[in-house]
Amino acid sequence: MKHDSIIKWGIIGLGSIAHKFASDLLTVNNAELYAVASRTQEKADTFAKKYKAIKAYDSYNALAKDSEVDAVYIATPHVYHKENAMLCLRNGIAVLCEKPFAMNYSEVHEMIDCAKANNVLLMEALWTYFLPHYNYVLDLIKNETFGKVTQLEADFGFRQEFDESSRVINKSLGGGSLLDIGIYPIFVALTTLGQPIDIEAQATFFENEVDSSCSIIFKYKNGAKAYLKSTLLEETPTEAIFHCEKAIITINSKFHQPTTVSIISNGKEDIKDFGYTTIGYNYEVIHFNNLLRQGKIQSDVMSFSFSNKLIKTLDKVRLIIGLEY
Ligand SMILES: NC(=O)c1ccc[n+]([C@@H]2O[C@H](COP(=O)([O-])OP(=O)(O)OC[C@H]3O[C@@H](n4cnc5c(N)ncnc54)[C@H](OP(=O)(O)O)[C@@H]3O)[C@@H](O)[C@H]2O)c1
Numbered sequence: 041m042k043h044d045s046i047i048k049w050g051i052i053g054l055g056s057i058a059h060k061f062a063s064d065l066l067t068v069n070n071a072e073l074y075a076v077a078s079r080t081q082e083k084a085d086t087f088a089k090k091y092k093a094i095k096a097y098d099s100y101n102a103l104a105k106d107s108e109v110d111a112v113y114i115a116t117p118h119v120y121h122k123e124n125a126m127l128c129l130r131n132g133i134a135v136l137c138e139k140p141f142a143m144n145y146s147e148v149h150e151m152i153d154c155a156k157a158n159n160v161l162l163m164e165a166l167w168t169y170f171l172p173h174y175n176y177v178l179d180l181i182k183n184e185t186f187g188k189v190t191q192l193e194a195d196f197g198f199r200q201e202f203d204e205s206s207r208v209i210n211k212s213l214g215g216g217s218l219l220d221i222g223i224y225p226i227f228v229a230l231t232t233l234g235q236p237i238d239i240e241a242q243a244t245f246f247e248n249e250v251d252s253s254c255s256i257i258f259k260y261k262n263g264a265k266a267y268l269k270s271t272l273l274e275e276t277p278t279e280a281i282f283h284c285e286k287a288i289i290t291i292n293s294k295f296h297q298p299t300t301v302s303i304i305s306n307g308k309e310d311i312k313d314f315g316y317t318t319i320g321y322n323y324e325v326i327h328f329n330n331l332l333r334q335g336k337i338q339s340d341v342m343s344f345s346f347s348n349k350l351i352k353t354l355d356k357v358r359l360i361i362g363l364e365y
């Protein structure tokens, strides 16, 4: 693929996140929304018309068979990620798959093996990793600009009434707070402090046995601790606060999406604004397009090894709290 060729994107699963992704995709140069696929033709047609996609399919399989498609964004519920990703990979289509990459390590392992066997690009769509404010904070922490991190607090919460028709609650769709939003605080801890030596976790559950909230403590060799929380029971600030030796760095609400960063040091507060103009999904698309043009099968940022680390950590927390699917 040439460095300036137009990348033809497809989207599978036309729910709420697919709309946000499509609107940001339209802002990316040398890329177009070429095809969309839904389980119903009417939904596909309406979506295609709204975002000017050329093809609208009534099955995911039909999109995967379209040899014009270069890359697919998978936006179905977690339980279908593996099946949908492998369908595309086997048809030679590069895959950007929503988080969590799959339901457990064994599924992620199969997806990665499939990408390698077919020599096709595969990446987990953890968009936060590509946002400028997050990379700014990663650099401050990596370079120890304000010394070492001694404590991290990261939360993600909103109130979701118990309703099994909701993807976020329905157990057969992989519902629960940990996999849907708890993944973000865990992502923050793993990308800044690394792998913990010990994990403590406690959860509350809805009547269908998915977790309504999950509180986690990561303990590190140097004594640092990360207090992480996800909840579907209440609105929480959704901030990431790094207590460093010489400053407090806060990724303001909501830390996982375009936002500002505050640094309190020497009694003064400095607020950095990153001048975002989109919802924020364009950054992961630009990274993915570059990988595709370079013929890579994995990202150097959201690598296979990092996705493995993330899903293994989620598996471990699930084991501690007793959350089974
Ligand atoms: N990166 C982010 O910021 C972000 C934000 C929200 C969600 N997500 C992730 O994106 C994925 C989708 O989330 P969402 O909030 O967009 O979900 P959603 O609104 O429920 O949409 C999911 C879509 O998947 C398709 N689907 C296929 N089989 C389904 C089934 N049995 N039941 C329901 N839907 C089915 C449907 O599309 P068709 O009817 O068109 O086939 C549905 O519209 C999840 O894995 C979630 O973790 C990521």
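Residue numbers (the working numbering): 41 to 365.
Where is the CB? At the ideal position from N, CA and C, for every residue including glycine.
What you are looking at is a predicted structure, and each value in this text was computed from that prediction instead of being measured.
So does I209 have its beta carbon nearer than 7 Å to some heavy atom of ligand 1? Mapped onto the sequence shown, residue 209 falls at position 169. No, the beta carbon of I209 sits no closer than 7 Å to any heavy atom of ligand 1.
What's the C-alpha gap between S343 and I351? Here residue 343 is taken as the residue at index 303 of the sequence shown, counted from 1. Here residue 351 is taken as the residue at index 311 of the sequence shown, counted from 1. S343 and I351 have their C-alpha atoms roughly 12 Å apart.
As an exercise, report each continuous alpha helix (DSSP H) stretch of at least 4 residues that is fully enclosed by the stretch 98-134, in chain order. Contiguous alpha helix (DSSP H) elements confined to the stretch 98-134 occur at 100-104 and 121-130, taking only those with 4 or more residues.
L127 beta carbon less than 8 Å from that of A104: For the purposes of this step, residue 104 is identified with residue 64 of the sequence shown, where counting begins at 1. For the purposes of this step, residue 127 is identified with residue 87 of the sequence shown, where counting begins at 1. Cβ atoms of A104 and L127: closer than 8 Å.
Starting from the N-terminal side, write out each stretch of the alpha helix (DSSP H) that is 4 residues or longer and does not extend beyond the stretch 183-214. none
Out of curiosity, what's the CA-to-CA distance linking Y169 and N248? Taking the first residue of the sequence shown as 1, we reach residue 169 at position 129. Taking the first residue of the sequence shown as 1, we reach residue 248 at position 208. Those two C-alpha atoms are separated by around 32 Å.
Please return the same chain residues whose Cβ sits closer than 8 Å to the Cβ of K60, not counting the five positions on each side in sequence. Walking along the sequence shown from the start, residue 60 turns up at place 20. The residues are I319 and Y321.
contact_flag[the stretch 288-307, the stretch 209-216] where n(CB pairs < 8 Å) is 3 or more: no
Compute the Euclidean distance between the alpha carbons of K83 and L54, then round it to the nearest angstrom. Residue numbering aside, residue 83 sits at position 43 when the sequence shown is read from its first letter. Residue numbering aside, residue 54 sits at position 14 when the sequence shown is read from its first letter. If you take the alpha carbons of K83 and L54, they lie about 8 Å apart.
Could you check whether the Cβ of L213 sits closer than 7 Å to any heavy atom belonging to ligand 3? Looking at this structure, you won't find ligand 3 anywhere; what it does contain is ligand 1.
Given this structure, state the Cα-to-Cα distance separating K30 from E309, to the nearest angstrom. Summary: the structure shown does not reach residue 30, with the chain confined to residues 41 through 365, and so no result is reported for it.
Could you name each continuous beta strand (DSSP E) segment of 3 residues or more that falls completely within the stretch 138-171, going from the start of the chain to the end? 162-165
For a test of your reading of the model: does the CB of T276 fall under 7 Å from any non-hydrogen atom of ligand 1? Yes or no. On the sequence shown, residue 276 is found 236 positions in, with the first residue counted as 1. No, the Cβ of T276 stays beyond 7 Å of every heavy atom of ligand 1.
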